[in-house]
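One structure below.
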Amino acid sequence: MTAGTEERRSLRPLAGVLAAMSVAITGTRISTIALPWFVLVTTGSATQTGLVAFCEMAPYVLVKMFSGPLVDRVGPRLISWTTDLVSALAVALVPLLHAFDLLPFWGLLALVAVIGSARGPGDLAKEIMIPEAADRSRVPLERATGLSGTTERLASTIGPAAGGALVALLGPMTGLAVNAGCFALGSLLIWLLLPRGMGQPIRPESTGEEPEPGYWQRFREGFAFLRGERLLLAIILVVGVTNLLDAAFATVLLPVWAKESDNGAAVLGLLVSTMGGAAVLGSLIAAAIAHRMRRRPVFFLGFLLVGAPRFLVLAMDVPLVTMLAVFAIAGFGSGFLNPILGAIAFERVPRRLLGRVNALGDSVAWAGIPFGGLLAGAAISTIGLSPALVVAGTLYFLTTNLGGLRPEWREMDRLRGKGRAPDPPPGLVPDPNPGPAPGPVPVQEHSRAPSAGRDDREPGTREFGGRE
257 MTAGTEERRS
267 LRPLAGVLAA
277 MSVAITGTRI
287 STIALPWFVL
297 VTTGSATQTG
307 LVAFCEMAPY
317 VLVKMFSGPL
327 VDRVGPRLIS
337 WTTDLVSALA
347 VALVPLLHAF
357 DLLPFWGLLA
367 LVAVIGSARG
377 PGDLAKEIMI
387 PEAADRSRVP
397 LERATGLSGT
407 TERLASTIGP
417 AAGGALVALL
427 GPMTGLAVNA
437 GCFALGSLLI
447 WLLLPRGMGQ
457 PIRPESTGEE
467 PEPGYWQRFR
477 EGFAFLRGER
487 LLLAIILVVG
497 VTNLLDAAFA
507 TVLLPVWAKE
517 SDNGAAVLGL
527 LVSTMGGAAV
537 LGSLIAAAIA
547 HRMRRRPVFF
557 LGFLLVGAPR
567 FLVLAMDVPL
577 VTMLAVFAIA
587 GFGSGFLNPI
597 LGAIAFERVP
607 RRLLGRVNAL
617 GDSVAWAGIP
627 FGGLLAGAAI
637 STIGLSPALV
647 VAGTLYFLTT
657 NLGGLRPEWR
667 EMDRLRGKGR
677 APDPPPGLVP
687 DPNPGPAPGP
697 VPVQEHSRAP
707 SAGRDDREPG
717 TREFGGRE
């Protein structure tokens, strides 16, 4: 066996990407506890808490939408480590300026906008390195996406628990300082650990007679492909609504419940960590047996478990142990979602178009997230916390169940085991609904961003590409 073969079979490429994702997500999950709690205790306003979430997520979605062609052209590796470094610096400024009493509310809004703007392309860059890392590590695609989802969920378990403890013991600013350190470490891991040549720009073969396509031509190619993909569009619409409701839950409804019920940040972190821990278990099972399961029923059963119950249980006067059980069941169901979403996206989108198509898909699926906190804050101010929880849970149930009646969902298993989508000739947009691939291909085993990405995302949030 040659040295080159040994290198190709190394798990280092996949491990490097997953390690960088895990520390960045852990830091962000700490921030999802620390930042809303900081705003709530300093302002007492659910509306201002929602406004902070809006100012982070609106730039996240907008910048991510237009960053796909740039990531494809520059390369995801460079984009990943540089944007993580920018995020680290912006997050570090929050506790630093606050310590010197130099952080007005508008200054906090500006800093979280910078953080969101940097996180968008950074998340996308890590996401689209997963299939390349799987190829280099000789890991089946669905298993790689499952490992990605498991890594994210494990980080989503550790992060809130650490965030709740840090906020309870040392205050929210300490949690934000740890978040900055996690972003810096993630940047360093991508820069140092990935093999040379990984995460470089994906350029189509050229005859030398035509110039390389420009930004807007790349953007149009991604848009044209996504417009013709009925299944991916159906996924995006359903996930878009659930992401809005998940953002409302994570950024305002759950923190306000914790404060008004006198449970505090520690219980808030415990609930989110319980959900994250169960999601790790669900993701591990999905990675192991998903190739034996039909995607459509598993997908919508997972949504049924993760959706309405956790909203409704907070509206009831039930013991904490009951709440923990409901959150654990919700997390377990959510563990099966992003492995399915990630595998479908990687099967159907050609590698050359992956950055721009996933950027557009993620952005549409995340378009409602900036408004989730704002709507939740307005709903609490208008009708109260418990009615707002009931309304949000009902909308979640109706969206996932009625959306699943569309005929496009029957295509979820059609390309299973066919490998990744082939790259089209330069200048051509591929047929988004190709016929069966020639020749038998071994069935891949299951595992990432729609959701859900984040994540670097709020708990429950899904991305078009499968991350959560």
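Number 301 in the numbering used here belongs to position 45 of the sequence shown; there are no gaps in the numbering. A virtual CB, placed ideally from N, CA and C, is assigned to each residue, including glycine.
Whole angstroms is fine: what's the gap from residue i's alpha carbon to residue j's?
i, j, result
"A417", "A290", "11 Å"
"A521", "G484", "45 Å"
"G640", "K515", "14 Å"
"A504", "A275", "29 Å"
"Y316", "T507", "15 Å"
"L359", "P351", "9 Å"
"S529", "E477", "40 Å"
"G431", "L296", "15 Å"
"S462", "Q456", "At S462, the pLDDT of 49 sits below 50, so the modelled position is not reliable; the number obtained from the coordinates is stated separately. Going by the C-alpha atoms only, they are around 17 Å apart."
"V273", "I414", "18 Å"
"A535", "G300", "32 Å"
"M454", "L488", "27 Å"
"E664", "P565", "27 Å"
"N435", "G419", "9 Å"
"V395", "T407", "15 Å"
"A586", "L537", "12 Å"
"A424", "A366", "26 Å"
"V613", "P606", "9 Å"
"I625", "I545", "31 Å"
"R604", "A271", "24 Å"
"I600", "P575", "39 Å"
"S642", "L658", "24 Å"
"V368", "L318", "14 Å"
"S278", "V582", "25 Å"
"A355", "D391", "47 Å"
Within a Cβ cutoff of 7 Å, which residues of the same chain sit near residue i, ignoring the five residues on either side of it in sequence?
i, result
"L630", "G306, L307, F310"
"R452", "none"
"L353", "L359, G363"
"S323", "G376, P377, L380, A615"
"S637", "A302, T303"
"Y652", "T498, L501, G563, A564, F567"
"R486", "E664"
"L609", "E477, G478, F481"
Just confirm the distance between the C-beta atoms of residue i and residue j, as a whole number of angstroms; I'd bet it's less than 8 Å.
i, j, result
"L593", "F559", "7 Å"
"R285", "S412", "5 Å"
"R409", "G532", "6 Å"
"A400", "I386", "6 Å"
"K382", "D618", "Going by Cβ atoms, the distance from K382 to D618 rounds to 12 Å, so no, they are not a contact pair."
"A374", "V342", "4 Å"
"A571", "V523", "Not really, about 16 Å apart at Cβ, beyond 8 Å."
How about residue i and residue j: do their beta carbons lie closer than 8 Å?
i, j, result
"A644", "A635", "yes"
"A280", "G442", "yes"
"S266", "S393", "yes"
"V562", "G589", "yes"
"T378", "T339", "Strictly speaking, residue 378 in this sequence is Gly, with Thr absent from that position. The answer is yes: Cβ separation under 8 Å."
"P325", "F481", "no"
"T656", "V494", "yes"
"V501", "A648", "The sequence given here has Leu at residue 501, not Val. Closer than 8 Å, so yes."
"A346", "V370", "yes"
"W293", "P511", "yes"
"G372", "M429", "no"
"C438", "T282", "yes"
"L450", "R333", "yes"
"A623", "G496", "yes"
"A729", "A344", "Nothing about residue 729 can be read from this structure; the chain reaches only from 257 to 724."
"L509", "A632", "yes"
Could you have a look at residue i and say whether DSSP puts it in helix, strand or coil?
i, result
"Q304", "helix"
"E516", "helix"
"F653", "helix"
"F592", "coil"
"F356", "coil"
"V569", "helix"
"E485", "coil"
"M454", "coil"
"M579", "helix"
"A623", "coil"
"S266", "coil"
"L661", "coil"
"G442", "helix"
"R409", "helix"
"G427", "coil"
Comparing the CB of residue i with every heavy atom of the ligand GTP, is any distance shorter than 7 Å?
i, result
"V317", "What this structure holds is no ligand at all, so the ligand GTP is not there to describe."
Kindly list the residues whose CB is nearer than 6 Å to the CB of residue i, restricted to its own chain and excluding five residues on each side of it in sequence; keep chain order.
i, result
"I596", "R551, F555"
"W662", "Reading off the sequence shown, one finds Arg at residue 662, where the question assumed Trp. These residues qualify, in order along the chain: A490."
"A584", "T530, A534"
"L580", "T530"
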